[in-house]
Amino acid sequence: MAQKEIIKMTNEVFEEAFEIESQKLTPEANIFNDLGLDSLDVVDLVVALQKKFGVQIRNDERVRNIRTLGDIYGFIDALGEENKLSLPREN
Amino acid sequence: MKILILNIIFYSLFIVFTAIAILLFSLFVFFVRIFLSRRQTMRRFRRAISWYGKIIIKVLPFGLVKVIYKDYEQSNNGQGVIFVCNHRSASDPFLMACLPYEAIQVVNMWPFRLPILGIFARWAGYLSIREMPFEDFLEKAGKLLKEGVSMVTFPEGTRSTSKAMGQFHSSVFRLALEVRCPIVPMCISGSENIPAKGTRLLEPGKIRVYKLKRLQWADYKDLTPFTLKNKVRDSIAQHLAVVETVS
Numbered sequence: 001m002a003q004k005e006i007i008k009m010t011n012e013v014f015e016e017a018f019e020i021e022s023q024k025l026t027p028e029a030n031i032f033n034d035l036g037l038d039s040l041d042v043v044d045l046v047v048a049l050q051k052k053f054g055v056q057i058r059n060d061e062r063v064r065n066i067r068t069l070g071d072i073y074g075f076i077d078a079l080g081e082e083n084k085l086s087l088p089r090e091n
Numbered sequence: 092m093k094i095l096i097l098n099i100i101f102y103s104l105f106i107v108f109t110a111i112a113i114l115l116f117s118l119f120v121f122f123v124r125i126f127l128s129r130r131q132t133m134r135r136f137r138r139a140i141s142w143y144g145k146i147i148i149k150v151l152p153f154g155l156v157k158v159i160y161k162d163y164e165q166s167n168n169g170q171g172v173i174f175v176c177n178h179r180s181a182s183d184p185f186l187m188a189c190l191p192y193e194a195i196q197v198v199n200m201w202p203f204r205l206p207i208l209g210i211f212a213r214w215a216g217y218l219s220i221r222e223m224p225f226e227d228f229l230e231k232a233g234k235l236l237k238e239g240v241s242m243v244t245f246p247e248g249t250r251s252t253s254k255a256m257g258q259f260h261s262s263v264f265r266l267a268l269e270v271r272c273p274i275v276p277m278c279i280s281g282s283e284n285i286p287a288k289g290t291r292l293l294e295p296g297k298i299r300v301y302k303l304k305r306l307q308w309a310d311y312k313d314l315t316p317f318t319l320k321n322k323v324r325d326s327i328a329q330h331l332a333v334v335e336t337v338s
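Heads up: the protein sequence lines correspond to chains A and B, in order.
Just so we're aligned: 11 in the numbering used here is position 11 of the first sequence, and the numbers increase by one with no gaps anywhere.
For the numbering used here, count along the second sequence from 1 and bump the result up by 91.
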């Protein structure tokens, strides 16, 4: 999946599930300090990302290291490579 | 110099009054428990703590700090509610004694570590949110709310270092959605230097505590916890902006 598509779909998750304005969604945005998520919100985020991309994230240790939106783009990209994710899926 | 003297007087009275209150509370709970049920005893114990807080904030800092409480809804039907407050000072938990409710506070770990006062907080049923799994918090807090006990919460988690509010944690909003209880936003203005972070010195001033209009479950039931916490945060921030512009 193209990086552009990953960014678009990830941003859609933040806009739809968290109602965060699109102008705040920059790769440098810290999901805790800038976007206002906490550890419980991250669980909701993981569920929404799983649904959006059709991948399994919940037990992935790398989620703990995510701090910025850019980290999420990179993480999804890496997951796509590992799972040969080629098409965006929406359930 | 005058401020220092008033602080010495305040803290001396605080220590003496707290020592007397602890002794009286212990005796009170011991005797009342013989005659009344646990629930009735707890109600009286929490009321006694509230009176203790009222004297701490209204009487002891006389000439130094004035606390003004304004209730925008003046409604108390005995239902357990969640009070959501902004947090600027170590005095904020004491200020909640203004509320004419049977309430406990949802706290971080440090109040439980205070000598003696920490023990009383535990006895009163205060919940240390960092020391329990979220599911346990939901169960214990939900049970208290259903009994009509309200919760005072500071979802920023820690004192903000400026007048700008920190981000909110979502735990209490998830609780509200689960238990379907009203949420009452609270604004505390003027407490930032009473005392300022990093000192115990109380600066002279007025603290204003505003109880805003409650959100009923029907008003927020369709919101996600994230959206709900930001909606409540925005309502507090907006009110603070207004009162701090005019005062």
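Where is the CB? At the ideal position from N, CA and C, for every residue including glycine.
Q) Going along chain B, which residues have a C-beta under 8 Å from A:N33? A) The contacting residues are Q258.
Q: Go ahead and pull the three-state DSSP assignment for B:Y217.
A: Shown here, B:Y217 sits in coil according to DSSP, grouped into three states, outside any helix or strand.
Q. Thinking C-beta only, is B:L266 closer than 9 Å to B:T109?
A. Not a contact, by the Cβ cut-off of 9 Å.
Q.
Among the candidates B:L118, B:L319, B:F211, whose CA atom is the shortest distance from the CA of B:R271?
A. Closest by C-alpha distance to B:R271, out of B:L118, B:L319, B:F211, is B:L319.
Q.
Run through chain B and tell me which residues come within less than 7 Å of A:D38, C-beta to C-beta.
A. Within chain B, H260, S261 have C-beta atoms less than 7 Å from the C-beta of A:D38, given in sequence order.
Q: Give, in chain order, every unbroken run of the beta strand (DSSP E) that is at least 3 residues long and sits entirely within the segment 99 to 174 of chain B.
A: DSSP runs (the beta strand (DSSP E)) wholly in the segment 99 to 174 of chain B: 156 to 162.
Q: Give the single residue among B:V150, B:L114, B:Q307 whose Cα lies nearest to the Cα of B:P276.
A: Of the listed residues, the one whose Cα sits closest to B:P276 is B:Q307.
Q: With a 10 Å radius around its C-beta and 16 neighbouring C-beta atoms as the bar for buried, classify B:E283 as buried or exposed.
A: Label assigned to B:E283: buried.
Q) Between which two residues does the beta strand (DSSP E) carrying B:A194 extend? A) Start and end: 194 to 198.
Q. Does the Cβ of A:L87 have 16 or more other Cβ atoms within 10 Å, making it buried, or fewer, making it exposed?
A. Because A:L87 sits at a pLDDT of 45, beneath the cut-off of 50, its placement in the model cannot be relied upon, and the point is left open.
Q) Between which two residues does the beta strand (DSSP E) harbouring B:G296 extend? A) Run containing B:G296: 296 to 302, per the beta strand (DSSP E) assignment.
Q: Let me know the secondary structure DSSP gives B:V240 once reduced to three states.
A: B:V240 falls in the coil class under three-state DSSP.
Q: Kindly list, in the order they appear in chain B, the residues whose Cβ is closer than 8 Å to that of A:A17.
A: Neighbourhood of A:A17 in chain B, by CB distance below 8 Å: T315, F317, in chain order.
Q.
On the criterion of 16 or more Cβ atoms from any shown chain inside 10 Å, does B:I147 qualify as buried, or is it exposed?
A. Flag for B:I147 reads buried.
Q. So which residues of chain A does B:F225 contact, with C-beta pairs closer than 8 Å?
A. Here the neighbours are L40.
**Q.** Residue nearest to B:F203 in terms of C-alpha spacing, selected from B:E222, B:H178, B:T315
**A.** The option with the nearest alpha carbon to B:F203 is B:E222.
Q. Which chain A residues are close to B:N321, counting only those with a beta carbon under 7 Å from its beta carbon?
A. Chain A residues near B:N321: G36.
Q. Any idea which residues DSSP pairs B:L306 with across the strands?
A. Residue pairing from DSSP places B:L306 in a beta bridge opposite B:I274.
Q | Alpha-carbon to alpha-carbon, B:F185 and B:V198 | A | Inter-residue distance for B:V198 and B:F185 is about 12 Å (C-alpha atoms, whole angstroms).
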